[in-house]
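Have a look at the structure below before the remarks.
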Amino acid sequence: MLTRFLVLGLIGVASLWAQGSDQKAPPKKAKADAVNYYRDIEPILNANCVSCHQASMAAGGLRVDAPENLLQGGASGKAVIPGKAERSLLYTRLTVTTDKRMPPVGMVTEEQLALIRAWINLGAKIGPAPPKR
Ligand code: HEC
10 MLTRFLVLGL IGVASLWAQG SDQKAPPKKA KADAVNYYRD IEPILNANCV
60 SCHQASMAAG GLRVDAPENL LQGGASGKAV IPGKAERSLL YTRLTVTTDK
110 RMPPVGMVTE EQLALIRAWI NLGAKIGPAP PKR
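Numbering-wise (the working numbering), the sequence shown opens with residue 10 and increments by one.
What follows is the structure, given as structure tokens:
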């Protein structure tokens with residue numbers, strides 16, 4: 010658990026550094042695979058966000074019940090800017106200290122925040138859906 014958190018932290022720092030030094034460098038495959046949408050991001054959204062952000066209640070015009078809806082964004086436009094967590098509402102709205110903080114009640118954990126941040130900074134890839142079990 011802790012190791013995983015540390016690794017994600019390093020990826021975050023590394024991807025920030027990579028952005029600053031060379032915009033065009035493609036992310037290394039190993040790194041891009043470090044965060045998987047279906048394994049790491051979807052469960053966070055399902056547990057903390059989907060109740061208010063789906064078809065019957067799309068608060069702020071945003072739905073996170075399917076990756077294509079998440080990537081489409083909400084009333085304020087795109088919620089995810091691939092490669093730029095600091096400019097992505099999906100990340101910034103989880104870190105603001107005002108009443109704009111999401112979720113409105115409770116909080117995601119530091120590890121979850123690190124996962125979302127890393128996922129966006131690594132390009133917000135969706136990848137193939139896992140086989141149905
Ligand atoms: C209890 C209901 C509720 C939950 C749970 C919730 N939200 Fe929200 N969210 C809202 C409401 C209401 C708005 C619209 C008002 C506003 O922008 O603050 C909103 C707006 C947003 C917006 C801005 C959309 C736009 O385009 O303007 C984002 C991004 C967002 N939420 C992300 C999240 C994320 C990510 C989670 C889970 C970590 C989450 N929300 C959980 C109620 C909720």
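Virtual Cβ for every residue (Gly too), placed ideally from N, Cα, C.
Assigned with DSSP and collapsed to three states, G70 falls in helix. With respect to Q63, D74 sits close: the two C-beta atoms are nearer than 8 angstroms. N57 has its CB nearer than 7 angstroms to a heavy atom of the ligand HEC. Our two residues, A84 and A138, have alpha carbons roughly 27 angstroms apart in a direct line. If you draw a straight line from the Cα of T101 to the Cα of K93, it comes to about 10 angstroms. Residues of the same chain with a CB within less than 7 angstroms of the CB of C61, apart from the 5 flanking positions on each side, are A68 in chain order. Straight-line spacing of the CA atoms in K109 and A123 works out to 19 angstroms.
Taking a contact as a CB-CB distance under 8 angstroms, the pair P112 and C58 counts as one, their CB atoms being some 6 angstroms apart.
If you check the CB distance, L103 and V89 do not come in under 8 angstroms. At least 8 angstroms separates the beta-carbon of V44 from that of L98. Shortest Cα-Cα distance from L79 to any of K134, K141, R142, P140 involves K134.
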